[in-house]
DNA sequence: TTGAAAGCGCTAACAA
DNA sequence: TTGTTAGCGCTTTCAA
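Residue numbers (this note's numbering), protein chains in the order written: chain A, 286 to 628; chain B, 286 to 628.
Written as structure tokens, this is what we have:
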């Protein structure tokens, strides 16, 4: 508290016997200073432990060196992988990242977005599913538009309803592939367990499931869709419900890995063997999926890359029409899926 | 681009026909404005989509509404859980979080710290092990000291060498407990697999192992310590090495869950049964530990709470002597540990 | 190559 | 209760 205040640019300038303008130029490595002076200023700054005030700088220069990142929940591996990718690129470029949770709640998301804008971040990366509720999306969209109009850059990951640049995982294709896989194994009584139907990611993945079903001539009514939170616990709840309501099922198609892990744990506690008694598939391929036992058949999304790509996109100037980068979703067949038992 | 610039406080004030001072007071909910005027100003601000400029505010007011968070790697569940806790509390208090990676590299950590300070965060939460290298710690410490002297607050999670407030998991106790557990099961040929010996967390946990060994009268030379990266892959490498160099081992004591998961996967691929042929224990109790098969015996650390606690501590004024909050480490016995096979 | 000075958008004395 | 005004620490013209 009593402590010496942090040295300011004036202090450095004074110590070096130059004006603040010169000191500023020297430290930011701009033109117009003799190398000798620049050297001296830098040395003095270093020795005094000078650290420039970003607030003053961005207020004066109108520039921003920070990026905003909105995730639903960072403890969810899907988002922590994305965040990791964003942070890697940010680290390389000397940008700081401001992260916040939306908690999958459009109201909170809106508030967080406003906070980021107040903090004058230069770019915003919004990760995670959008909402089917048009009212919710509208207010989010309005905020984002205002931001881009003021010169900000926005890139969305996994949501396509805004006219922003976007990194889009091939959710529909991936879901179609994993559904085909199950059908090819001979399953006819599949149950889908999923997070909130109000999320666009869920809608997209469900579309893929239905496409595969249609291809195989199976009416979609034959495949129950059980909704629960998009978490491990949700997976447990949904699996329990499936076991009770749809006892004839031979496969659980979870719309993310977390739910699949929950399913696996319920099945184990019921002594149902996977895949002999019941096949289970996930979606995302979180790092632990390969290490589960049985290892999880799932759809791989390159999450870290999605984060990296998103920030790289954001750092490039905006184009006339929004860019869309589709990230491939690839089926990873592992041990949790197999042919249905004969019944 | 061409866009209308974001409205500023003057614009609001003008629209409302009041001075900036009044507008400022009205919007920040401070005293000294009639409710009628305050109402009107707020309405106008809302309708114009006004969002205050944090840079200007903190430059003028000398206040900061953001907190810095340093983690080794956010994709690591240990850190993503901590981050989640920090973000929850920050969200409640309307603070924004600036997160950065240190990558377990003291040089990078130092740079990140400086960036946070440049961004004038009010508090810094440093999560993750410190370094045994005194030179590295010294420069970090110097930076942190300067920051606190300038009025900043620092809280460390899991590192105790700085004279800052700290949230400390009971690493030594936890390691002692899990080692005792293995010894009580009858294991005598235990191998420890661990991340870098240069990390204080590793040193602390190793101390716990050695204490338990000493209690049981087992010379520490009997227990090989295999060093590898503190990751799942590191766990694989280390386990492979153990299998080759110390074939008589009956238990793998991993110093974090990630490495334990790697060990599990190697053992499975070698068709060694856990725990019949080999027991495995972890440390941290990351969320997935309970869902592995076999479920992982480990030491639970309340990671989210640690994050929450850390920020709460940071938001309280500094005390004369640094506060230390010890978080309990509790042994969680699950299915990956059992008596050694008779040999 | 250097310096003086005008802001950036806001808060907080101080006056009225 | 309200307004005026002086900065906060920096960047950036414009002159020298």
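Ideal Cβ placement from N, Cα and C applies to all residues, glycine included. Quick caveat: nothing in here was measured; it's all calculated off a predicted structure.
Quick one: what's residue i bridged to in DSSP?
i: residue 585 of chain B; result: B/569, B/615
i: residue 353 of chain B; result: B/383, B/409
i: residue 539 of chain A; result: A/478
i: residue 484 of chain B; result: B/416
i: residue 454 of chain B; result: B/612
i: residue 512 of chain B; result: B/479
i: residue 442 of chain A; result: A/412, A/452
i: residue 564 of chain B; result: B/536
Going by C-alpha to C-alpha distance, which of the options sits closest to residue i?
i: residue 600 of chain A; options: A/439, A/386, A/315, A/362; result: A/439
i: residue 520 of chain A; options: A/554, A/596, A/544, A/312; result: A/544
i: residue 303 of chain B; options: B/323, B/291, B/446, B/387; result: B/323
i: residue 587 of chain B; options: B/369, B/320, B/478, B/513; result: B/369
i: residue 425 of chain A; options: A/411, A/436, A/395, A/416; result: A/395
i: residue 327 of chain A; options: A/366, A/291, A/298, A/420; result: A/298
i: residue 346 of chain A; options: A/390, A/407, A/500, A/291; result: A/407
i: residue 572 of chain B; options: B/419, B/387, B/584; result: B/584
i: residue 590 of chain A; options: A/576, A/614, A/575; result: A/614
i: residue 619 of chain A; options: A/484, A/627, A/592, A/579; result: A/579
i: residue 617 of chain B; options: B/596, B/608, B/372, B/570; result: B/570
i: residue 364 of chain A; options: A/470, A/341, A/389, A/533; result: A/389
i: residue 597 of chain B; options: B/540, B/306, B/373; result: B/373
i: residue 533 of chain B; options: B/387, B/499, B/524, B/305; result: B/524
i: residue 392 of chain A; options: A/422, A/402, A/401; result: A/422
i: residue 555 of chain B; options: B/541, B/294, B/371, B/528; result: B/528
i: residue 489 of chain A; options: A/445, A/332, A/330; result: A/445
i: residue 552 of chain A; options: B/522, B/402, B/419, B/576; result: B/576
i: residue 415 of chain A; options: A/387, A/436, A/433, A/435; result: A/387
i: residue 517 of chain A; options: A/333, A/455, A/441, A/547; result: A/547
i: residue 627 of chain A; options: A/608, A/561, A/484; result: A/561
i: residue 402 of chain A; options: A/625, A/330, A/437; result: A/437
i: residue 418 of chain A; options: A/399, A/484, A/434; result: A/484
i: residue 461 of chain A; options: A/333, A/538, A/497, A/331; result: A/497
i: residue 325 of chain B; options: B/343, B/300, B/542; result: B/300
i: residue 539 of chain A; options: A/464, A/307, A/329, A/321; result: A/464
i: residue 290 of chain B; options: B/315, B/333, B/531; result: B/333
i: residue 535 of chain B; options: B/559, B/541, B/515; result: B/559
Measure how close the beta-carbons of residue i and residue j come, nearest whole angstrom, since I'm counting them as under 8 Å.
i: residue 383 of chain B; j: residue 382 of chain A; result: 7 Å
i: residue 594 of chain B; j: residue 610 of chain B; result: 6 Å
i: residue 567 of chain B; j: residue 581 of chain B; result: 5 Å
i: residue 564 of chain B; j: residue 495 of chain B; result: Between residue 495 of chain B and residue 564 of chain B the Cβ distance is about 19 Å, and since that is not below 8 Å, they are no contact.
i: residue 360 of chain B; j: residue 358 of chain A; result: The Cβ separation is near 14 Å, so there is no contact.
i: residue 486 of chain B; j: residue 459 of chain B; result: Not a contact, Cβ separation roughly 11 Å.
i: residue 622 of chain A; j: residue 466 of chain A; result: 7 Å
i: residue 313 of chain A; j: residue 405 of chain A; result: With 8 Å as the limit, residue 313 of chain A and residue 405 of chain A do not qualify as a contact, their Cβ atoms being about 19 Å apart.
i: residue 526 of chain B; j: residue 482 of chain B; result: No, residue 526 of chain B and residue 482 of chain B are not in contact; Cβ-Cβ is about 15 Å, not under 8 Å.
i: residue 457 of chain B; j: residue 479 of chain B; result: Actually they do not touch by this definition, with Cβ atoms about 14 Å apart.
i: residue 468 of chain B; j: residue 441 of chain B; result: Contact flag wrong, Cβ pair sits at about 32 Å.
i: residue 344 of chain A; j: residue 344 of chain B; result: 6 Å
i: residue 399 of chain A; j: residue 503 of chain B; result: That pair is no contact at about 60 Å.
i: residue 624 of chain A; j: residue 470 of chain A; result: 5 Å
*Three or more beta-carbon pairs under 8 Å between the stretch 449-458 of chain B and the stretch 594-610 of chain B, yes or no?*
yes
*Inter-stretch contact (C-beta, 8 Å, three-pair minimum) for the stretch 417-431 of chain A and the stretch 364-380 of chain B*: no
*Decide if the stretch 337-355 of chain A is in contact with the stretch 400-417 of chain A; the criterion is three or more beta carbon pairs, one per stretch, under 8 Å apart.*
The stretch 337-355 of chain A is in contact with the stretch 400-417 of chain A.
*Is the stretch 462-479 of chain A close to the stretch 501-508 of chain A, with three or more CB pairs under 8 Å?*
yes
*For the stretch 314-351 of chain B, list the alpha helix (DSSP H) runs that are entirely contained and at least 4 residues long, ordered along the chain.*
320-333, 339-346
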